Amino acid sequence: MMSASAGTGVFVLSLMSIPICYLFNSLVYNNSAEAFFFAGCTTVLILVISARFMLKKKTPGDPLFYVYALYAFLSVVNLIIGLEQDNIIDGFVTFYLKEADPHINTAHGHMISYWDGCVHYLMYLLMIAAITWGDSYRAIGLYWVGSFLMRAIVYILGNAVGKYGTQINPLFILHILYISVSVWACFRIFSQPSARDVQITNIQETSRAGLLHRPLDFLFIIYLIPALAFCVFRGLVVLDCSSKWCQDYTQQYEPYLKDPSAYPKVQMLVSMLYSGPYYIITLYGLLVPGCEWMPDLTLVHSGALAQAQFSHIGASLHTRTPFSYRVPAGIQPVFLLVNVLYTLVPQALCYRCCTRPAFFLRPPLEKKKE
1 MMSASAGTGV FVLSLMSIPI CYLFNSLVYN NSAEAFFFAG CTTVLILVIS ARFMLKKKTP
61 GDPLFYVYAL YAFLSVVNLI IGLEQDNIID GFVTFYLKEA DPHINTAHGH MISYWDGCVH
121 YLMYLLMIAA ITWGDSYRAI GLYWVGSFLM RAIVYILGNA VGKYGTQINP LFILHILYIS
181 VSVWACFRIF SQPSARDVQI TNIQETSRAG LLHRPLDFLF IIYLIPALAF CVFRGLVVLD
241 CSSKWCQDYT QQYEPYLKDP SAYPKVQMLV SMLYSGPYYI ITLYGLLVPG CEWMPDLTLV
301 HSGALAQAQF SHIGASLHTR TPFSYRVPAG IQPVFLLVNV LYTLVPQALC YRCCTRPAFF
361 LRPPLEKKKE
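Okay, so the sequence shown: first residue is 1 according to UniProt numbering, each after it adds one.
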């Protein structure tokens, strides 16, 4: 088992992004040789001390350790960006917000900054801790894979087809580099072996149980049918369906779906094309025993849906969204109830599949016969 000093060093290094952002922002506005020298020396000193602390003992050999260490640093920067965008803090990334892609200043960009600065940051720290102690981090990794893929797909396509599509600057190329490294990390996570310790007798007994003897699964099946309908319905809404139901829904419940930034439109289309088939496949997995892919699939989907719904709910209510596209005040309780339930139930399904996977596993004898 490896020492925790490397993981602690990553945590300390990630927090160093706070003074580094402040120093470089001050450097830009105080354009002098003294300020440049002071900021440069201080930054180098901070990085050297953090690196020495992190490398004091032998570091893990898993290359994802270093990827997540860098991402943890960037996650804190994203949290700073979100806080400064909402005027909670000031003087840390002011220059960056003026020069960065205009997409970052949209309501969707705000939500991405908060998600990356809070949820992704926590996942990076958990995976770094697991790597440091030699434990498996495949479950957390798969959840991150879903969250990252949803974030990246919607952000890139929304930038391309939205009203800011012609205002892409060189910083967008760095974002593509980040996505390329992250895709490589996704493949590394998928290639890790799955570790599930379930007794053979438990697998056999559970696989014989009918649906009526699995009341929780029966409730999930009941949920999946309206969830599929809701997912497809919102996809039809953003495709400008001429149905009166679709038009009324846009005007009365979710006008944000028509926001010209195009993020909500892309979000609903991706959800319809991704979550729609997922709900059908999951219905099959809950009815037929031995679908060993169910726990992994629910992990990826629950991560993707959590990120999507967090961004969608937050942006629908955020002050950066034009008033005409925000959820009307009188409808907000209904909007929150439906969308929060739509977010939380898949998380519960994921928890059920990962903590009690016996129904989805096949006895070793059946695998040998195949």
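We treat Cβ as the ideally placed atom computed from N, Cα and C, and that holds for glycine.
Keep in mind that this is a model prediction, so the values were computed, not measured.
Could you tell me the alpha carbon to alpha carbon distance between Val28 and Phe95, rounded to whole angstroms? Whole-angstrom Cα-Cα distance: 7 Å.
Uninterrupted alpha helix (DSSP H) stretches inside the UniProt domain "EXPERA" (61 to 186) (no shorter than 4 residues): Whole alpha helix (DSSP H) segments, 4+ residues: 63 to 85, 94 to 99, 107 to 115, 121 to 133 and 138 to 161.
Considering only residues of the same chain and omitting the five flanking positions on each side of Thr298, which have a CB-CB separation below 8 Å? Within the same chain, Thr298 has close Cβ partners Thr282, Pro346, Leu349, Cys350, Cys353 and Cys354.
Could you tell me the distance, in whole angstroms, from the CA atom of residue 388 to the CA atom of His108? Lying before the first or after the last residue shown, residue 388 is absent from the chain, which here runs from 1 to 370.
What is the rounded straight-line gap between the Cα of Tyr284 and the Cα of Leu23? Distance between the alpha carbons of Tyr284 and Leu23: 55 Å.
Exposed or buried, what is Gly7 when buried is set at 16 or more other beta-carbons lying within 10 Å of its beta-carbon? For Gly7, the number of other beta carbons within 10 angstroms of its own is at least 16, and it is reported as buried.
Cα-Cα, which of Pro357, Pro226, Gly235 and Ala304 is closest to Cys291? Of the residues Pro357, Pro226, Gly235 and Ala304, the one whose Cα lies closest to the Cα of Cys291 is Pro357.
Is DSSP giving Arg214 helix, strand or coil here? DSSP places Arg214 in coil when its eight states are reduced to three.
If we call anything under 8 Å between Cβ atoms a contact, is Met150 one with Ala308? Yes; because the gap between Cβ atoms is below 8 Å, this pair is in contact.
Of the choices Tyr155, Met294 and Gly235, whose alpha-carbon is the least far from that of Gly276? Sorting Tyr155, Met294 and Gly235 by C-alpha distance to the C-alpha of Gly276 places Gly235 at the top.
Just to confirm, is the Cβ distance from Ala304 to Ser147 under 8 Å? Yes; because the gap between Cβ atoms is below 8 Å, this pair is in contact.
For Phe73, which residues of its own chain have a beta-carbon under 8 Å away from its beta-carbon, when the five flanking residues on both sides are left out? Only Leu13, Ser14, Met16 and Ser17 meet the Cβ criterion.
Which residue wins for smallest C-alpha separation from Ile153, given the options Ala139, Tyr137, Ile176 and Gly134? With distances taken between Cα atoms, Ile153 lies closest to Ile176.
Only counting the same chain, and skipping five residues up and downstream in sequence, which positions put a Cβ closer than 7 Å to that of Cys246? Closer than 7 Å at the Cβ level, and outside the excluded window around Cys246, lie Leu236 and Val237.
If you follow the alpha helix (DSSP H) that Cys246 is part of, which residue opens it and which one closes it? Per DSSP, Cys246 is one residue of the alpha helix (DSSP H) stretching across Lys244 to Gln252.
Please tell me whether Ile80 and Val93 are closer than 8 Å, where the distance is taken between their beta carbons. Cβ atoms of Ile80 and Val93: closer than 8 Å.
Alpha carbon to alpha carbon, how far is Ile225 from His213? Give it in angstroms, no decimals. Taking the straight line joining both Cα atoms gives about 20 Å.
Going by the CB atoms, is the gap between Arg320 and Thr106 shorter than 8 Å? In this structure, Thr106 places its C-beta atom within 8 Å of the C-beta atom of Arg320.
Please report the straight-line C-alpha distance between Asn25 and Ile222, rounded to a whole angstrom. A direct Cα-Cα distance of roughly 53 Å separates Asn25 from Ile222.
Mind checking Pro264: buried by the 16 CB within 10 Å criterion, or exposed? Flag for Pro264 reads buried.
If you count every other CB in all the chains shown that lies within 10 Å of the CB of Leu361, and 16 or more means buried, which is it? Leu361 is buried by the Cβ-count criterion.
Could you tell me which of Asp62, His120, Ile104 and Gly330 sits nearest to Asn159, measuring between CA atoms? Per the Cα distances, Ile104.
Using the C-alpha atoms, what's the distance from Val67 back to Phe359? If you take the alpha carbons of Phe359 and Val67, they lie about 35 Å apart.
Determine the burial state of Ala306: buried for a count of at least 16 other Cβ atoms within 10 Å of its Cβ, exposed for fewer. Under this definition Ala306 is a buried residue.
Kindly indicate which three-state DSSP category Arg326 falls into: helix, strand or coil? Note: Arg326 maps to coil in three-state DSSP.
Ignore the nearest five residues each way along the sequence and tell me which others in Val266's own chain have a CB closer than 6 Å to its CB. Same-chain partners within the cutoff: Val154, Leu157 and Gly158.
Do Ser75 and Gly117 have their CB atoms nearer than 8 Å? A contact, by the Cβ cut-off of 8 Å.
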